[in-house]
Each structure stands twice: as C-alpha cells, then as structure tokens.
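2 protein chains.
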Amino acid sequence: MSKLVECVPNFSEGCRPEVIAAITEEVKKVAGVSLLNVNSDASHNRTVVTFIGEPQAAKLAAFNACAKAAELIDMEQHQGEHPRVGATDVIPFIPVSDITMEECVQLANELGQEIAEKLNIPVYLYEAAAKTPARVKLPDVRKGEYEGLKKAISSPERHPDYGPAQMHPTAGATVVGARQFLIAYNINLSTSDVNIAKKIANSIREVKGGYKYCRAMGVMIEDRNMAQVTINMVDYTGTPLHRVFETVKSEADRYGVSVIGSEIVGMVPLQALVDTAEFYLRLEGFERKQVLEENLR
Amino acid sequence: MSKLVECVPNFSEGCRPEVIAAITEEVKKVAGVSLLNVNSDASHNRTVVTFIGEPQAAKLAAFNACAKAAELIDMEQHQGEHPRVGATDVIPFIPVSDITMEECVQLANELGQEIAEKLNIPVYLYEAAAKTPARVKLPDVRKGEYEGLKKAISSPERHPDYGPAQMHPTAGATVVGARQFLIAYNINLSTSDVNIAKKIANSIREVKGGYKYCRAMGVMIEDRNMAQVTINMVDYTGTPLHRVFETVKSEADRYGVSVIGSEIVGMVPLQALVDTAEFYLRLEGFERKQVLEENLR
C-alpha cells in the first residue's frame, strides 16, 4: 500500500479541445498517476481534471499541466461564467490513503513555490493550506477575479503567498491548497412531501446546529415523485456517513417516513466504506491491509 | 480495474528453507503477481503460499512454482502429519474481483492440462472445478494419500482428469481447483457462558438448518472471559457477512446477551465490505468503480 492523493486542478479553458487535450496529456504522461476524469464546460469556459497518484508524481503532473496551461491560455482573452483568477485557476490536493492532511498541505506548499519560481506566477494558498483565516475560503481568495486582482495584488493584504506581487501577463494567478475529499450523498425518503426532506436536512446541516462537516438540502426528485435529502459530506473522517444516515433515519421516523435508499454520487474513498462496515459490524481491530486488494498497490 | 484471482498452492515441504525459498522465488519473479504470505509448518512438513494477480500471470506463477517443487521435492522421502498426494499437493484459484467462478474453473483446467502435459504429473480437479460429485471434496480426492494413490490410480474410478494414470516417480499427483474466498469471522458476546455461543452457532450453521455457506462453533475466549461464535464464511457472495451478523445479534438477544464486537481474521475481499456498506446504507445503484482506489488498478 502506497501513499495516495487526489488532485483536481481547474483550468480556464472549456472550449478549445486541442488545448484541453494538451493539458491533460501532461497528466497522462507522468508515471504513477491515473487520470480519472476530464469535465469541460463551455459556458463556464473551464475544465476540471481529476487524477490520483503517489504524492510526488501528483505534484509533478500538476506542475506540468499548469506550465502547459500558462503556455496555451491567455487570461486577457478569457471569458466565462465561472469565477477565476488564472489559466490554472485552482489546484487542490486531497488525501486518499495512507497520507495525512498535513502532508497534503506540505505538498501544496512545495507545488506553490515551484509554480511561483519556475513559471513566475503568483500563488495563493487556500483551505487547509491557508496561512491566514482570510484565505481559507476560495471565493475570498478569488475576490475581484482576474481583472480585479490585477490591480488589487499590489496592496499588501492581497500579496500572494509565493511569487511576485503582480499577475503573470497571460496566466494570471493560481490558487493551490489542500482539502478533504467531498462525498456527494443523497438519502431517499418514502414521501413526496419535500417539506419533510427540508426539515430533516435542517437537522443534519452544520448551519442549523447539525453535523460540522455536513451541508444538506431537502429537494424533490420529480421523476420518482420522491423527496430527498441531498448532502455534501465535506469531511467524512470528521462526520462519517453512517452517523448522518442513522440520524436521517431517526428524524424521518418522527414524521412516519422511511428511508428507502441512499446514493453515493461519483467517487468515494475506500476508507469511507471500511468505516461504514466497521461501525455496523462492530469490528474490532480491523486494519486496511486486511482488504485483499490493498496488497496490490 | 483488472481481473484478479487469488491462488493458494500447498507444497509438501515445510522444513528446508532453501527449497521453500526456491519455490516462492518462482512466484515473486512473475510480473503482475503479488506474494501475500508464506506459511511453513514443520510438523506438517508443508508450506502454504498465498498470492494474488491477474489470471494468466497467476496461472504462470502457479505452474512455475509447481515445476520447481517437482524438481526439488521427492515424495518417496516425504513424511508429515498433513494428508498429501504430491510435491505440489493442491492449487486452488479463488475469484477476487471482476472475475467469475466459471473463469476460475477454466483457469484450473488450463493449469491442470499444462501440468499434466509439460511435467507429466497426473492432475485431479476438485471443488468448483470437479467433473464428478465424487471429486468435489479434497479429502475424497486425496483418499489413500501419496502412498495409497500410487496403486489406486490405475483403477478407472481413480484415473486423473489430466495426465497419465500413474504417479510421477517423485512429484506424485497434484489437485487443482477453484473455490470461493473463505472469510474467518468471529462474533464476540457479552457473556461468559459458552453454551449460549454454541446455541447461537447452531442457529447459523448449515448442518443445523442455518445458512448454506456458514460453518460455526461456540468457543470460550479465556483471556477475555468471553464466549464467541467463531465462523468460517465459505462463500460470502451466497451468505453475506451482514446477514450472519444480524442473525447472531437477534439470537443473542433471545438470551439477553449483546454482540459486543466482531473480528475479521486475516484477509477479506473488498467486495465483502462494499456489500456490507450497501446493505446498511441501503445504497442504490452503487458500482465498484465508484471506489476511488479501484481506479488505480
């Protein structure tokens, strides 16, 4: 079993396929990295690339992709609906297995420094890598976007964490950081009353006194005539899936409603499933390396 | 994600380290195979080797190890407490992921044929690969052991499935087959009364009307002063972990006893944990490829 991180860089190009291909090619050609997904949006004029790999390999892939984006994308020409400050807009590292958040913060610092020194692009650190509370949230770092930051960057409170206090003439700035894996999780209810789903969502949402790492809404799934609690689990190591599931089940019961199923949308780290099995089977002393497939890596 | 099998060949040598090393070296040097465990027992004079890999790579590793054992082990000289018929005594293939039992049976046939033709060793097929009911169980195939089978092999009902109807002069015969993964699973009770554990074990054992793929006993764990139901799950795809756990919980409750924990001893296939999480979280439409780490293979 080797250390594994996920990296999800966002690039300010969602229209020109040859540019997107050139950038993703930089990821593909690094040994020890697996490209999982490339998602381009034309109206956002933005591409989200997802890959996993050994930490140093992931850093190299992120750097090479960022260098290629700086070469091919001109922010002076860029238009799109999504907020952005640079050709490579944001690069988060996410711990997947056998690695701590602190190690991902360290990785973000190494990459940020390298981008600043070798590409002359100012770099801001965000989320777990942020050096001040004002830079934890991405919208705060990105305030004014590319056009606004061109001027604002010269004022000391907007100076970058690495690199020159002026925008790269075409590539702008880049935000690098570390955050937890986000699990998109929906719980389906045996009711068509969306208000029940909204009340249950409020019972688990951090802002309403619920779980710290839980964002939730009640929504209606029209084609199934079914109310749903739709959840972003922003740190499954702090607020585990089973706890949210059991709380929703218990709150639903108060309205005479049942949980008829749940859905994990997209990817989930193996550890979240191991944690679930550990809880329900009351496992004692279980270790990841007991999972047969873990011995292949 | 690639097809993956486990292979657990047993060799009739548990004392001479240089012979054991030479055999396991044959496994190690095949690309696409990971050696998980080597367990030698001197009184059994036997070594159990566990490895996983892509099917054709696993077959090659098993063949090469078998050829090396035929070269270095002389059954005429072999003594040990454990029943055996050959230098390579038995080679089971076990489906791990993305592969069916039928494919493992096919693999056993290919390997059996190759051992017979290239090494001139008679091969018997057992368990899921057996061609007649009389050869499903290993003890039936091994009846008379090496010494007895030397004569018996000439009678038509003991003719091998592949190869000559006479023992190899030094390597004897080899039994090849396919079976499910066995999970060793214990459930701990909040009582020191072993009779309660025995009664609960009877409720889940196949022979007492319990689950088809469940072997169970009630035992006392002296150092914790605790009764335990100790279980062999011989096919977790037919009788899943969660069903056995929930039945034990329910039966224990009838005696006013609680389940205080459970233990998975040794390895468990990822799929058994996925199945557990699917059951308890009532997951809809979940696929293995949603497990992030699965995308590395």
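Residue numbers (our numbering), protein chains in the order written: chain A, 1 to 297; chain B, 1001 to 1297.
C-beta atoms are modelled at their ideal positions from N, C-alpha and C, and glycine is treated no differently.
If you're wondering where the values come from, they're calculated on a predicted model, not measured in any experiment.
Just verifying my parser: in three-state terms, what is the DSSP assignment at GLN1228(B)? Indexing the second sequence from 1 puts residue 1228(B) at position 228. In the structure shown, GLN1228(B) sits in a strand (DSSP, three-state: E or B).
Quick one, which of LEU1119(B), VAL1123(B), ILE1115(B) and GLU1157(B) has its alpha-carbon nearest ALA1134(B)'s? The count along the second sequence starts at 1 and reaches residue 1134(B) at position 134. Of the candidates LEU1119(B), VAL1123(B), ILE1115(B) and GLU1157(B), the one whose C-alpha sits nearest the C-alpha of ALA1134(B) is GLU1157(B).
According to DSSP, simplified to helix, strand and coil, what is MET217(A)? Taking the first sequence and counting its residues from 1, one reaches residue 217(A) at position 217. Reduced to three states, the DSSP call for MET217(A) is strand.
Cut-off 7 Å between Cβ atoms - residues of its own chain near GLY1112(B), not counting five sequence neighbours on either side: Within the second sequence, numbered from 1, the residue matching residue 1112(B) stands at position 112. Only VAL1123, LEU1125, ASP1161, TYR1162 and VAL1176 meet the Cβ criterion.
Out of curiosity, what's the CA-to-CA distance linking GLY298(A) and ASN1109(B)? Because chain A spans 1 through 297 in this model, residue 298(A) falls outside it and cannot be assessed.
What does a CB cutoff of less than 6 Å around ALA130(A) pick up in its chain, not counting 5 residues either side in sequence? The sequence position of residue 130(A) within the first sequence is 130, counting from 1. VAL136.
Answer yes or no: does any C-beta atom of chain A fall closer than 8 Å to that of GLY1256(B)? As a first step, residue 1256(B) must be located in the second sequence, where it is residue number 256. For GLY1256(B), the answer is no, since every Cβ of chain A falls outside 8 Å of its Cβ.
Using C-beta distances below 6 Å, list every residue in its chain close to GLN77(A), excluding the 5 sequence neighbours before and after it, in chain order. As a position in the first sequence, residue 77(A) is number 77, starting the count at 1. Taken in chain order, the list of residues that qualify is empty.
Presumed contact (8 Å Cβ cut-off) between ILE94(A) and GLU6(A), rounded CB distance: Taking the first residue of the first sequence as position 1, residue 94(A) is located at position 94. Taking the first residue of the first sequence as position 1, residue 6(A) is located at position 6. That belief holds up - the Cβ atoms of ILE94(A) and GLU6(A) are roughly 4 Å apart, short of 8 Å.
TYR1146(B) lies in the alpha helix (DSSP H); which residues open and close that run? In the second sequence, counting from the first residue as 1, residue 1146(B) sits at position 146. Where TYR1146(B) is concerned, the enclosing alpha helix (DSSP H) stretches over 1145-1152.
Is ARG282(A) close to chain B, meaning its C-beta is less than 8 Å from at least one C-beta of that chain? Translated into the one-based positions of the first sequence, residue 282(A) becomes position 282. Taking Cβ atoms only, chain B reaches closer than 8 Å to ARG282(A), which makes this a yes.
What does DSSP give as the partner residues of LEU981(B) in its beta bridges? There is no way to answer for residue 981(B), as the model of chain B reaches only from 1001 to 1297.
Ignoring anything shorter than 3 residues or poking outside the stretch 58-138 of chain A, list the beta strand (DSSP E) runs there in chain order. 88-97 and 123-127
Measuring alpha carbon to alpha carbon, tell me which of SER1040(B), PRO1164(B) and SER1203(B) ends up nearest GLU1246(B). For this step, residue 1246(B) is matched to residue 246 along the second sequence. Selected option, being the one with the closest Cα: SER1203(B).
Nearest candidate by alpha-carbon position, reference PHE279(A), set VAL244(A), ILE73(A) and THR24(A): If you number the first sequence from 1, residue 279(A) lands on position 279. Comparing Cα-Cα distances from PHE279(A) to each of VAL244(A), ILE73(A) and THR24(A), the minimum goes to VAL244(A).
Does DSSP classify ASN1195(B) as helix, strand or coil? Taking the first residue of the second sequence as position 1, residue 1195(B) is located at position 195. Helix at ASN1195(B).
Would you please state the rounded distance, in angstroms, between the beta carbons of GLY1086(B) and SER1012(B)? I believe it to be under 8 Å. In the second sequence, residue 1086(B) corresponds to position 86, counting from 1. In the second sequence, residue 1012(B) corresponds to position 12, counting from 1. The pair is a contact, with the Cβ atoms about 7 Å apart (cut-off 8 Å).
Closer than 9 Å by beta-carbon distance: list the chain B residues that pair up with LEU241(A), in chain order. As a working note, residue 241(A) is residue 241 in the first sequence. Here the neighbours are ALA1277 and LEU1281.
Round the Cβ separation of GLN290(A) and VAL1268(B) to the nearest angstrom and send it over; I've been treating them as touching at under 8 Å. Along the first sequence, one-based indexing puts residue 290(A) at 290. Along the second sequence, one-based indexing puts residue 1268(B) at 268. Between VAL1268(B) and GLN290(A) the Cβ distance is about 6 Å, and since that is below 8 Å, they are a contact.
Distance cutoff 8 Å, beta carbons only. Does ASN1064(B) sit that close to anything in chain A? Reading the second sequence from its first residue, position 64 is the one you call residue 1064(B). No - not a single Cβ of chain A is within 8 Å of the one on ASN1064(B).
Host beta strand (DSSP E) of ALA178(A) (start-end): Start at 1 with the first residue of the first sequence, and residue 178(A) comes out as number 178. Start and end: 174-178.
Classify SER203(A) as helix, strand or coil using the three-state DSSP reduction. Start at 1 with the first residue of the first sequence, and residue 203(A) comes out as number 203. Correct three-state label for SER203(A): helix.
Cβ of GLU1013(B) less than 8 Å from any chain A Cβ? Along the second sequence, read from residue 1 onward, the residue named residue 1013(B) stands at position 13. No, no contact with chain A.
Closer than 7 Å, Cβ to Cβ, to anything on chain B: give me those residues from the stretch 82-105 of chain A, in chain order. VAL96 and SER97
Kindly list, in the order they appear in chain A, the residues whose Cβ is closer than 9 Å to that of PRO1269(B). Residue numbering aside, residue 1269(B) sits at position 269 when the second sequence is read from its first letter. Per Cβ cutoff of 9 Å: VAL291, LEU292 and GLU293.
Three CB pairs or more closer than 8 Å across the stretch 197-215 of chain A and the stretch 260-275 of chain A: no
DSSP puts CYS300(A) in a beta bridge; with which residues? Lying outside 1 to 297, the shown extent of chain A, residue 300(A) is not represented and no answer is given.
Do LEU270(A) and LEU1189(B) have their C-beta atoms closer together than 8 Å? As a first step, residue 270(A) is located in the first sequence; it is residue number 270 there, counting from the start. As a first step, residue 1189(B) is located in the second sequence; it is residue number 189 there, counting from the start. No, the pair does not count as a contact, with Cβ atoms beyond the cut-off.
One question on the structure: do THR237(A) and VAL219(A) come within less than 8 Å of each other, judged by their Cβ atoms? Reading the first sequence from its first residue, position 237 is the one you call residue 237(A). Reading the first sequence from its first residue, position 219 is the one you call residue 219(A). Contact flag unset, no.
Residue range of the unbroken beta strand (DSSP E) whose run includes LEU1035(B): Within the second sequence, residue 1035(B) is the residue found at index 35, counting from 1. Looking at the DSSP string, the run of the beta strand (DSSP E) that includes LEU1035(B) is 1033-1041.
Where does GLY148(A) land, buried or exposed, given buried means 16+ other C-beta within 10 angstroms? Here residue 148(A) corresponds to residue number 148 of the first sequence, with the count starting at 1. Exposed.
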